[in-house]
Amino acid sequence: MRVKVQDAKMAGLPFVFSYLRFKVNFLFTSDVSKMAETLASEAHVAEWTDRLIKQHKVVVFSKSNCPYCRKAIEAFQSVKAKDMHVEEIEGSPYMDAIQDYMKQQTGARSVPRVFIGGQFLGGADDTIRAKADGTLVEKLRAAGAL
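Under this note's numbering, the residue at position 74 of the sequence shown is numbered 58, and the numbers go up by one with no gaps.
Structural data, given as C-alpha cells:
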C-alpha cells in the first residue's frame, strides 16, 4: 500500500497537536510554578526581614564590599551601639528579593539600609549626617541601643 505524502502529513497531525498541547501546558505550568515560588520567596523575605528589624535595636542591610556600608557600620561602632545586626546580603539566594522589599519599604534598593528601633533611618549619608548632628546618639538612646 502506498501512502501519499499528504496522508502521511495528516497522520502526523494528532502527534504534532498533542506535542504542542504538552509543550504549551508544560510552559504554562512551569511559569505558574515559578510565579508561585517567587511569591512564596517574596512573602518569606518580607516576614524574615520584618522579624529581623523587630528583633534587633539596630539593623544594617549591607554588602561586604560596599564602602558606604562600611562607613555606616563604622558610625555605629564609633558610638558603641549595642544590639547591632549587620546582614550581609550578597551571596544570598534572596538578595534581589531583599533589595526589592527594601525598595517597597524604604524607597530604594541600594545598601546600606539602616534601621534603628524598628524605624528606617536611611542610607550611609543619612547615618553619617545623624552622627554629625547628634541625632544618631539620640535615636540609639531612645531605642535602648546605647
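Yeah, the Cβ is synthetic: ideal placement off N, Cα and C, and Gly gets one too.
Item, Value
"With three or more C-beta pairs closer than 8 Å as the rule, is the region 119 to 130 touching the region 97 to 104?", "yes"
"Which runs of the alpha helix (DSSP H) at least 4 residues long sit entirely within the region 91 to 128? Give them in chain order.", "108 to 117, 119 to 127"
"Taking the CB atoms as reference points, tell me whether ILE112 and LYS55 lie closer together than 8 Å.", "yes"
"Write down the C-beta distance between ALA116 and LEU105 rounded to the nearest angstrom, noting that I regard them as a contact closer than 8 Å.", "With 8 Å as the limit, ALA116 and LEU105 do not qualify as a contact, their Cβ atoms being about 14 Å apart."
"Pick helix, strand or coil for HIS28, following the three-state DSSP scheme.", "helix"
"Between LEU130, GLN83, ASP109, which lies nearest to THR33 when the distance is taken from Cα to Cα?", "GLN83"
"In whole angstroms, what separates the C-alpha of LYS64 from that of GLY107?", "19 Å"
"Mapping DSSP to helix, strand and coil, what is SER76?", "coil"
"Can you tell me the Cα-Cα spacing of VAL8 and LYS87, whole angstroms?", "Here VAL8 scores only 45 on pLDDT, less than 50, and its place in the model should not be relied on; the value that follows carries that caveat. Computed Cα separation, rounded: 35 Å."
"Based on DSSP bridge pairs, tell me the residues matched to MET68.", "VAL42"
"Whole angstroms is fine: what's the gap from GLN89's alpha carbon to GLU122's?", "23 Å"
"Alpha carbon to alpha carbon, how far is VAL44 from ILE37? Give it in angstroms, no decimals.", "9 Å"
"Skipping 5 residues on each side, what residues in its chain have a beta carbon closer than 6 Å to that of ASP67?", "HIS40, LYS41, ALA129"
"How many Å lie between PRO77 and PRO96 at the Cα?", "18 Å"
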